[in-house]
Amino acid sequence: MQAVERFEGGQKNGEIAAALRVSERSVERWRLAWREQGEDGVLSKGSLGLP
12 MQAVERFEGG QKNGEIAAAL RVSERSVERW RLAWREQGED GVLSKGSLGL
62 P
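Residue numbers for the sequence shown follow the numbering used here, beginning at 12 and rising by one.
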């Protein structure tokens, strides 16, 4: 939930991406999900790969 805390703190996507060591595109997707669905939208859905 680090990303949500940072969204609420007003940080920009680039700052969040650098701090969490992910792509800005991932942060953009998380922020959109957060805006539309709240914290539940940002929760991990687990690995999408094969077990």
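Think of the CB as a built atom: it goes at the ideal place given N, C-alpha and C, for glycine as much as any other residue.
R46, buried or exposed, once every other Cβ within 10 Å from all chains shown has been counted against 16: exposed
The alpha helix (DSSP H) that contains S37, what's its start and end? E35 to Q48
Spatial distance of E50 from A44 (CA atoms): 8 Å
I'd like the span of the alpha helix (DSSP H) that includes V15, first residue to last. Q13 to E19
Range covered by the alpha helix (DSSP H) that runs through L54: Here L54 belongs to no alpha helix (DSSP H), and DSSP marks it neither H nor E.
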